[in-house]
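Counted the way numbering that gives the first Met the number 0 counts, the sequence shown spans residues 0 to 129.
Working notes, beginning with the structure itself.
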Amino acid sequence: MDLRTWIFVANRKLTAIESAQVENALQDFVGTWSSHGTPLKASAFCFEQAAIVVSADEFVAKASGCSMDKITHLVRALGQQLNVDFFDRFNVLSKEDNSWNIVRYSQEIHAQCISASMVSLEEFNKKAGN
């Protein structure tokens, strides 16, 4: 599996109703998402009412620039609809007392952050508290 993942952290927690709306929109989207006409094997979900997570298995078809633009447009539209900013890169998720919280990125929490530089599932699971 050659997995590519996008994470869009919200600037606030979504309500249960908003989270359900996001989930429905994401499921509709991944069911039709394609790259140059080739369907993408993808999944998407709302994580802890705080972030949108989209993953594509690029073993069969790689996500093209146009297909990545499509997910960006969807997330931007969801943000406008719900009055949520999913594109402030200083919003990160932090797990405290078994609860995921949206916090502002700082050097103090850098060591706790899950990042693209992680090289193993073990490192990810350790930081995710799994």
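Positions of the beta carbon are idealized from the N, C-alpha and C atoms, including for glycine.
- Note on VAL21: 16 or more other CB atoms within 10 angstroms of its CB, so buried under the neighbour-count rule.
- With a beta-carbon spacing of about 6 Å, LYS12 and ALA49 fall inside the 8 Å limit used to define contacts.
- The beta carbon of SER66 sits closer than 6 Å to the beta carbons of SER34 from its chain, once the five residues preceding and following it are set aside; these are given in chain order.
- For LYS40, the uninterrupted beta strand (DSSP E) segment begins and ends at 40 to 46.
- The region 35 to 46 and the region 59 to 74 touch, with no fewer than 3 CB-CB distances between them shorter than 8 Å.
- Per DSSP, the continuous beta strand (DSSP E) segment holding ASP56 begins and ends at 50 to 56.
- Taking a C-beta distance under 8 Å as the contact criterion, ILE101 and VAL8 qualify as a contact pair.
- A distance below 8 Å separates the beta carbons of ALA24 and LEU73.
- Per DSSP, SER66 is one residue of the alpha helix (DSSP H) stretching across 64 to 81.
- In this structure, VAL53 lies near THR4, with their beta-carbon atoms less than 8 Å apart.
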